[in-house]
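In terms of my numbering, the sequence shown is residues 23 to 152.
By construction, the Cβ of each residue, glycine as well, lies at the ideal position given by its N, Cα and C atoms.
In what follows, a structure is listed as C-alpha cells, so that the remarks can point back to it.
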Amino acid sequence: MVKKLRVETGEKQHSLFAVDYARKIWLAGLGAFARAETEGGKLFEYLVAEGEKFEGNTRKIASARIEEIIGKLGQAKNMATGTWDKLEDVFEQRLAQALNRMGVPTTQDMEDLSSRVEALNESIKALQKH
C-alpha cells in the first residue's frame, strides 16, 4: 500500500506540475499580448519610420538611375540624329551629282536663270521707252 500511495503521489505531482506549467504558458501568452498591445503603437511607428527611410533611399536610387538612362538616351538620340543627318547629306550630294550628269538643272541654276531673265526684261523695257 505504501508503494501505491507513492505512485499516486508521484502522479499527482506530475499532474500538478503540468497544470502549473500550462498556467505559466497561458500567463506568458497573456503577457506577450499585453506587451504587444502597449508597445504595438511604438513598433508600428518605428516600422513606418523605417519604411519611409527605405522608400526615400529607393526613390533616390531610382531617380539617379532614371537620370542616367535619360542622359544615355539623349546621347544615343544625338548620335542617331548626327548619323541620320550625315546620311541625308550623302544622299543629297549623290542625288545632285546624278541629276547633274543627266543635265537636270539645280535650284541654284534655276535661280540664276530667273535673275538673268528679269535683267533681260528690264533691259527690253528700257529699250522700248527710247
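Beta-carbon gap between A58 and L49 smaller than 9 angstroms: no
Runs of alpha helix (DSSP H) wholly within the segment 123–152 (minimum 4 residues, chain order): 129–151
Status (buried if at least 16 other CB within 10 Å, exposed otherwise) for V24: Reliability of the predicted coordinates at V24 is poor, the pLDDT of 45 falling under 50, and no value is obtained from them.
Distance, E90 Cα to G62 Cα: 41 angstroms
Rounded straight-line distance, which links the Cα of E133 to that of A120: 20 angstroms
Residue from Q35, A118 and E77 whose Cα sits closest to the Cα of D131: A118
Whole-angstrom distance between A84 and T60, CA atom to CA atom: 37 angstroms
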